[in-house]
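Heads up: the structure comes next, in C-alpha cells.
Number of protein chains: 2
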Amino acid sequence: MRTERLPTLEDVARIAGVSRATVSRVINGIRNVDPQLHEVVWDAVGRTGYVPNRLARSLVTRRTGTVALVVSDSEAHDDDPFMGRFFADPYFGRVVGGLMSVLREKGVQLALQIVGSDDQRRRLVGDLRNGQADGAIVLSLPPIDPLPRMLTEGSVPAVLIGRPSEPVPIDYVDLANDTGATLAAEHLLARGCQRIAMISGPADVPASSDRIAGFRRSMARRGHGWVPTETGNFTRDSGETAMRALLAGNPELDGVFVANDLMALGALAALREAGRRVPEDVAVVGFDDSSAAVAASPALTTVRHPLEDMAAEAARLLLARIEDPAMRVSSVIYEPALIERDSA
Amino acid sequence: MRTERLPTLEDVARIAGVSRATVSRVINGIRNVDPQLHEVVWDAVGRTGYVPNRLARSLVTRRTGTVALVVSDSEAHDDDPFMGRFFADPYFGRVVGGLMSVLREKGVQLALQIVGSDDQRRRLVGDLRNGQADGAIVLSLPPIDPLPRMLTEGSVPAVLIGRPSEPVPIDYVDLANDTGATLAAEHLLARGCQRIAMISGPADVPASSDRIAGFRRSMARRGHGWVPTETGNFTRDSGETAMRALLAGNPELDGVFVANDLMALGALAALREAGRRVPEDVAVVGFDDSSAAVAASPALTTVRHPLEDMAAEAARLLLARIEDPAMRVSSVIYEPALIERDSA
DNA sequence: CGGGGATTGGAGAGCGCTTTCCGAGTGTTA
DNA sequence: TAACACTCGGAAAGCGCTCTCCAATCCCCG
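So this is what it looks like as C-alpha cells:
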C-alpha cells in the first residue's frame, strides 16, 4: 500500500491561495467569508479530494460525533457463550435499531463497547472522559453494577436503558415492568384461569424483579396469594426447563405468565411435549412482543415492550445531555400494553 | 460540569520528574528504561489517575484500535422501516457476536456505520482513509454496490461478509450457498417428495441467486427440470405470502425449499392455514439455522449457516490485512450442513 | 477627505501524544 | 588509560485541525 499522503487543510489552502484558517472557516461555515473566496476554496477542496480528518478535529474541539453503546456484563466466564447469546437475542438488535433511528440522521456514530470487569469499566470511563466518545448509552446486565455511578462521578454524559440497580443520579429510560406484569395477570384472570403459575427471570436484575413483584401483587389482590414460580435466565431453553418443572409440580395448572418471549417459546415446546393444548388447556402470556412472539405457534399473547422507542428516546436524551450537561436528571418510563394473540 | 482538566502526559512527567518522552516510553513499554525510573513513572501515573488520550495517540500513530462494521444499504427510502427490520433480524446480532468474539480479546473496538447513499459511501471511504478506523467489515445489502471497489481503490483494509456482487480484488468470507441448496434438494428428494417448489430471496443479491442456482441445478440433475418458484424478500411475511401463492398454483405440492428460516416461518403459517400438515403433507426445508428454526413448530429442518464463525473469520482476516496490507487477497468459503429436525 | 466602526484574512499557539535525533553516561577492550 | 561501542533520557518536531488575536481593508458619515 503506497502511503500516498492524503490532502490536508494545508494543501487545500496552498492551492486556493489562502490561509489554513480561511479554509477551515469555509468548510465549517463559520463567519462571513467573501463569497468569491468561498467558491475558490470549495473548488480547491473538490480538486484535491480533501476530507477533513475527524481525529484531528476531535482532538481540538473535544467533540467526536460518536456515542458509545456500552454493554456492561458481569465478570466474563472467559470462553463464555453468553455474549454470543446476548447479541443473537432480538433485544440487542432492537436497541441498536432504535438508537440508530435517531443517531443516524444527526450524523452521530455508534461505537460498541463491551466491559466485563471492573478494570475494563475503569478504563472505559477513563477513555470516555478523555473524549473517546461524547457520551454513552448503557445496557447494564449484572444485578449490581458500579458503572452507572462511575459514569456520573466522572461526569460522563450517559443514559441507561433500564433503571439502575442502585439509586444513582443518572438519566434513564425504562418500562413500567410491574404494570406489564399486572396486565398479564389481569388477562389470565379475566380468561378464567384458576391455577396460574409464573416463569420469571433472574430475581436480582431490576427488570425481572419488577415483573415478579408486579405479577405477585396483582395476583394477591385477586385472591391468589401463592403463585408457583420457576426461575429462568431469559433463554429459550431455560423456559422449556422451567415449564417442565412447573408442570411436574402443578399438573393442574391452566395459565402461565412467562417473563419474556424467548422463554415462552421454550414453555410452549414443553407444553406441547406434555400434550397440553395452548390456549385451551393452558393459557400462556409472554413479555416483550419480540419477533419471536409472532413466530411462535400459537402466536403469543404478550406484553409489548417498546424497546425501539425507548432506545430512540435514550438517544435523544443523551444528545440533549451532551448539549447541556447541566440539564436536570430525568427518567422516562414507558407504559406497556397487552398484545392479544392466540396463546391466551 | 466542571471542566477539571484531565492529567496529561505532561503532568505525569512533571510529577515523576522526567520528560514527556520518558513517560511515553514507559507507558508503551518501549526500549529499556531504567527500572527505577520505570517504577517512579508508574507511581506517578497511579497518583494522577492518568489515562492516555486515544485520540491524540491515534493522530500520530495512525492507528485507532477500531474497526468499522459498515452496513451498506441501498438508497434509504427515508422513513424506511428497513433498517429497523435489519437490526432486529438475528442476522445482524449473529454477525456482531462473531466479530466481537475475536475483536474483544484483541482490545479492538467496533464502530457501527450505516451508509445508504453513494454520497455517504464516499464520505465513509474518506473518513476511513483518514484513519477513522483501521479497517472495515462490510455487510453489503444492495444487489450492486460500489462500496467494495471504492474501498479497494482507496486501499482501505476491508473484508466483506458475503461475496461481492461484481468481481473486486477484496477479501471476503462466504458460505457455499449453492452447496447448501443442493443439500436441501437432496434431502427433499431422498424423502420421496415428488412435487417440490421453492421460495427464494431476491434474485439479484448474490447469496440469494446462488441458492436459487444451486437448487435448480440439483433438481434438474435429478429429473426435475422445472421448479415452481415464488420470490420473497427474506422477511417472515413475504414467506407467508409466497407460500400462499405457491399453494394456489400448485395444490399438489409436497415439498418446499425456503431460502431462509424467517420466510420458512411464514411458510409454515400459510401451510397450517391451508390445513396442510408438516412434514406429512408438505416437507419444509429452511436455510440459516437461525434461532427461528428451533423456535418454529414443527422445528425446522434447515441448512446451517455458520454466520458467527464466518464473522469471526472475517475479523481475523481483517486484522491480518491491517497488519500486512500487502497480504495476498483471499476468500474463505464455508461449507453448509443440513440440520435435520422435524419439518422435513 | 479623514476618522471610527465593522468586516475579513492571516499568523500562530495549541489539543495530547509519539518518535527521531543527540548528547551524556556507562561499560568494554586493547 | 584511551578509544570505542552501547545504553538511556531529553529536547523538539510534528500529526491535522481549530480558533483567538491582530492587522488590514472597507464603508459610511460628518
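Going down the list, the sequences are from chains A and B. In terms of UniProt numbering, the first sequence has 46 at position 46, counting the first letter as 1, and numbering is strictly consecutive. In terms of UniProt numbering, the second sequence has 46 at position 46, counting the first letter as 1, and numbering is strictly consecutive. Virtual Cβ for every residue (Gly too), placed ideally from N, Cα, C. Given the structure is predicted, the values throughout are model-derived calculations rather than measurements.
In the structure shown, B/Gln194 falls within a coil segment according to DSSP collapsed to helix, strand and coil. Between A/Val227 and A/Ala267, the gap from beta carbon to beta carbon reaches 8 angstroms or more. Taking a Cβ-Cβ cut-off of 8 angstroms, B/Asn177 has no neighbours in chain A, whose nearest Cβ is about 21 angstroms from it. Per DSSP, the unbroken beta strand (DSSP E) holding A/Gly135 starts and ends at Gly135 to Ser140. In its chain, beyond the 5 residues on either side, Ala68, Leu69 and Val71 have a beta carbon closer than 8 angstroms to the beta carbon of B/Leu112. About 5 angstroms separates the beta carbons of A/Val40 and A/Ala16, which is inside the 8 angstroms limit, making them a contact pair.
With its beta carbon less than 8 angstroms from one in chain B, A/Val96 belongs to the interface. In the three-state DSSP reduction, B/Ser117 falls in the coil class, being neither helix nor strand. Comparing C-alpha distances from A/Gln194 to each of A/Val173, A/Leu183 and A/Arg222 shows the shortest one belongs to A/Arg222. Contacts with chain A at 8 angstroms (Cβ-Cβ) do not include B/Leu300. Scanning the segment 296 to 323 of chain A for uninterrupted alpha helix (DSSP H) segments of 4 residues or longer gives 307 to 323, listed from N- to C-terminal end. Shown here, B/Ala259 sits in coil according to DSSP, grouped into three states, outside any helix or strand.
In the three-state DSSP reduction, A/Gln132 falls in the coil class, being neither helix nor strand.
Residue B/Ala181 holds the alpha-carbon nearest to the alpha-carbon of B/Thr302 among B/Asn28, B/Arg328 and B/Ala181. Listed as beta-bridge partners of B/Ser331 by DSSP are B/Tyr172.
A/Asp288 and A/Ser331 have their C-alpha atoms roughly 20 angstroms apart.
Comparing C-alpha distances from A/Gly65 to each of A/Gly107, A/Tyr91, A/Gly93 and A/Arg94 shows the shortest one belongs to A/Gly107. When DSSP states are grouped into helix, strand and coil, A/Ser200 belongs to the strand group.
Boundaries for A/Ile144: no beta strand (DSSP E) harbours it, and the DSSP string shows neither H nor E there. Contact annotation: B/Ala203 and B/Thr231 have beta-carbon atoms nearer than 8 angstroms.
Relative to A/Phe87, the option among A/Ile333, A/Thr235 and A/Arg14 whose CA is nearest is A/Thr235. When secondary structure is reduced to three states using DSSP, B/Thr64 falls in the coil class, being assigned neither helix nor strand. Looking at the DSSP output, A/Asp89 shares a beta bridge with no other residue.
The alpha-carbon separation between B/Arg104 and B/Arg14 amounts to approximately 34 angstroms.
Non-local C-beta neighbours of A/Ser208 in its own chain, meaning closer than 7 angstroms and more than five positions away in sequence, comprise Ser200, Gly201, Pro202 and Ala259, ordered along the chain. Close to A/Ala136, with beta-carbon spacing below 7 angstroms, lies no residue of chain B; the smallest spacing is near 13 angstroms. Residue pairing for B/Ser72: DSSP places it in a beta bridge opposite B/Val115 and B/Ser140. The alpha carbon of A/Val205 has as its nearest neighbour, out of A/Asn28, A/Ala133, A/Glu166 and A/Arg54, the alpha carbon of A/Glu166. Rounded to whole angstroms, the gap between the alpha carbons of A/Ile339 and A/Val138 is 28 angstroms. Flagged as an interface residue toward chain A: B/Ser297, by a C-beta distance shorter than 8 angstroms.
Contact with chain B is absent for A/Val33, since none of that chain's Cβ atoms lies less than 8 angstroms from the residue's Cβ. A Cβ-Cβ separation of about 6 angstroms places B/Val156 in contact with B/Val125 under the 8 angstroms criterion. Bounds of the alpha helix (DSSP H) holding B/Gly249 are Arg236 to Gly249. Spanning the alpha carbons of A/Ala190 and A/Ser297 requires a straight line of approximately 22 angstroms. For A/Thr61, the closest C-alpha among the options A/Met100, A/Leu318, A/Asn130 and A/Pro164 is that of A/Asn130. Here the alpha carbon of B/Ala315 sits roughly 26 angstroms from the alpha carbon of A/Ser140.
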